[in-house]
Each structure stands twice: as C-alpha cells, then as structure tokens.
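So for the sequence shown, the UniProt record's numbering puts the first residue at 1; every next one is plus one.
Think of the CB as a built atom: it goes at the ideal place given N, C-alpha and C, for glycine as much as any other residue.
Only one structure is covered here, and it is reproduced in the block below.
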Amino acid sequence: MPPEDIETQGHAGLLIGSQWSPPADPTWVAVIAHGYGEHVGRYQWVAERLTADGAVVYAHDHIGHGRSEGERVLVDDFEGVVDDLHLLVQRAHEEHPDLPLVLIGHSMGGMIAARYTQRHPETLTATVLSGPVLGSWEPTALADLDEIPPTPIDITTLSREPDVGRAYEADELVWHGDFKRPTLLALRTCLETITRGGRLTVPTIWLHGADDQLVPIDRSDEGWAHIAPDGAPSKRYPGARHEIFNETNREEVLDDVLAFVHEHIG
C-alpha cells in the first residue's frame with residue numbers, strides 16, 4: 001500500500017514523513033531513521049517487507065533532508081534530531097499503545113538510533129543498526145580544513161546492484177552537494193557523545209557490509225564495541241557495500257532483521 005503523509009513540528013522546522021500500514025491489524029511498530037543526504041522515500045521496499053510481516057511503519061525526513069524544512073543537510077546539533085525522532089516515536093506509541101516498537105537506523109540514521117537508544121531506552125523493544133556511523137568517521141576531518149573540498153559520492157559504493165546507484169544519482173530529493181562544516185562538527189560531537197554514553201540497555205543488533213567504503217566497517221565496529229549490550233548479535237555480509245537494505249542480498253538482510261525482531265517482540 002502507498003504510504004500516508006504525516007507531519008511533525010520538529011525542533012527547527014516542519015518534518016514531513018510517511019506511515020505505511022500492514023494489510024491486517026498490526027502486531028508491532030517499526031520506526032526508521034534514514035541516512036545522511038537521503039530521505040524516507042528510498043525505504044519503500046523495506047517498509048513493504050516490514051508491513052508484510054505485520055508492522056506499521058513510521059519514518060520522517062530529518063531536518064534539512066528530503067521534503068522536510070531547513071537548509072539542506074545543515075545540522076548544528078544532533079541532539080535536536082534525536083528530539084525530533086522522539087516526537088515520532090511518541091506518536092507511534094500514542095497511535096498503537098499496546099504494540100512493541102523497534103527502531104531501525106541506517107548509516108547516519110544508525111548513529112541517531114544509537115544515541116536515541118541511549119537516551120530513551122524505555123520507549124523501545126529493540127534496535128537495529130544498519131551500517132551505522134559509529135566510533136569515528138573520516139569525513140568529519142574535513143571540518144578542520146580552511147576550505148571544505150567537493151566530496152561527490154561514488155554511486156558504485158552504495159550497492160553491487162547498479163540500478164541502486166543510478167536511482168540515487170537521479171533522485172532530486174537526495175542531496176548531491178558538499179558537506180557543511182557545522183554538520184561535520186555536529187557529527188563528530190555526536191559520535192564522541194555516543195562513545196562516552198555507555199552500553200545500550202535495549203536488545204540491539206549491528207549489521208554491516210564487509211565491503212562498505214562509505215562507512216568503513218572497522219571504525220563502525222570499534223564504535224559498536226563501546227556501546228554493544230552484553231552478548232549482542234552482529235553480522236557482517238561479505239562483499240556487501242554500504243546500503244545493505246538495497247544490496248543484491250537484501251532479502252537475506254531483511255530476513256535477519258525480522259528474525260531478530262521476532263526474538264524480542266513476543
């Protein structure tokens with residue numbers, strides 16, 4: 001089913017999002033946090049898998065992204081983005097108060113999801129981190145330069161499926177420009193805050209493409225080691241690039257996500 005548009009007044013402007021409903025009464029709730037420069041419309045296939053499993057799915061474009069308000073990809077402080085995500089989670093709980101809620105974050109959205117899980121564990125049943133920016137991220141070093149150079153993305157790093165990169169390149173809602181210094185500084189600060197924030201107390205899984213060149217797996221793994229709950233599961237996908245939800249083995253990845261979810265939603 002096509003999603004329904006939803007709106008939330010965020011910390012720095014109006015946030016536009018989507019809600020996908022399952023074919024029958026929902027049995028659980030999924031909230032998706034998307035990555036840097038993209039938007040929730042790129043998660044249609046993921047939402048279809050989740051709704052087919054009985055989930056009602058909520059997501060919104062972060063401030064400065066997609067259809068939401070704000071200067072493009074400008075984030076001064078990710079704590080405000082976490083606050084915005086909390087508004088969406090609260091809405092989901094208000095509309096489905098008796099259902100377990102799982103947070104799913106990809107890339108920068110994985111960083112946001114990790115920080116959210118540290119701040120608001122009481123709202124979550126489980127968390128899924130997909131190729132999350134954790135530990136340290138090389139692009140943040142650009143903030144120390146007098147002038148930030150152009151940093152066009154190599155679309156072949158997204159997925160082994162060529163159509164994924166072509167669709168990304170042609171997507172007018174995707175940011176195709178350069179990094180902005182305040183955002184890079186805010187990313188660095190958030191990563192440091194997460195590392196200092198202690199281990200997550202919500203069941204969480206870390207999933208990563210072994211050939212991820214955008215968010216290299218070793219740095220993310222180092223960050224994960226600081227926050228992983230005791231005995232938390234993780235999985236590396238050999239040959240997979242950054243967008244594991246859009247990879248050639250995406251069915252396997254979503255099977256793993258759903259298997260983990262069902263271990264915890266009862």
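Closest by C-alpha distance to M111, out of D163, E169, R72, D221, is D221. Here DSSP, grouped into helix, strand and coil, assigns W224 to helix.
With contacts defined by Cβ atoms closer than 8 Å, L187 and W137 form a contacting pair.
Of the other Cβ atoms in all chains shown, fewer than 16 fall within 10 Å of the Cβ of P238; this residue is therefore exposed.
Between the alpha carbons of P132 and G35 lies a distance of about 9 Å. Here L145 is exposed, its C-beta having fewer than 16 other C-beta atoms within 10 Å.
In terms of CA proximity to V75, I63 leads the group T156, H86, I63, R67. For P26, the closest C-alpha among the options Y58, M108, L15, P162 is that of Y58. In the displayed model, Q19 falls within a strand according to three-state DSSP.
Between the stretch 69-88 and the stretch 174-193 there are three or more inter-stretch CB-CB distances shorter than 8 Å, so the stretches are counted as touching. The DSSP-derived three-state label of G165 is helix.
Setting aside the 5 residues that flank it on each side, P182 is surrounded in the same chain by L74, V75, D76, each with a C-beta closer than 8 Å to its C-beta; the list follows chain order. Under the three-state reduction of DSSP, Q213 is assigned to coil, being neither helix nor strand. If you draw a straight line from the Cα of V31 to the Cα of L88, it is about 8 Å long. Put simply, the stretch 96-107 touches the stretch 116-136. At least three CB pairs are less than 8 Å apart. With contacts defined by Cβ atoms closer than 8 Å, L207 and K180 do not form a contacting pair.
8 Å or more divides the Cβ of T195 from the Cβ of D84. Out of Y43, R160, R115, T151, the CA that lies nearest to the CA of T248 is found in R160. With a cutoff of 8 Å on beta-carbon distance, P139 and T156 are scored as not near each other. Of the candidates A232, L258, W175, G209, A232 places its Cα closest to the Cα of P203. Rounded to whole angstroms, the gap between the alpha carbons of V164 and S18 is 21 Å.
Under the DSSP assignment, T123 falls outside any beta strand (DSSP E); it carries neither an H nor an E label. Every unbroken stretch of the alpha helix (DSSP H) spanning 4 or more residues and falling wholly within the stretch 20-76 is given here in chain order: 44-52.
Closest by C-alpha distance to L200, out of D178, H39, I227, R219, is I227.
Close CB contacts of Q213 within its chain, under the 8 Å cut and outside five residues either way in sequence, are with D154, T157, R241, H242 (chain order).
The C-beta of M108 has 16 or more other C-beta atoms within 10 Å across all chains shown, which makes the residue buried. Bridge pairing for E7: I16 [DSSP]. In the three-state DSSP reduction, G177 falls in the coil class, being neither helix nor strand.
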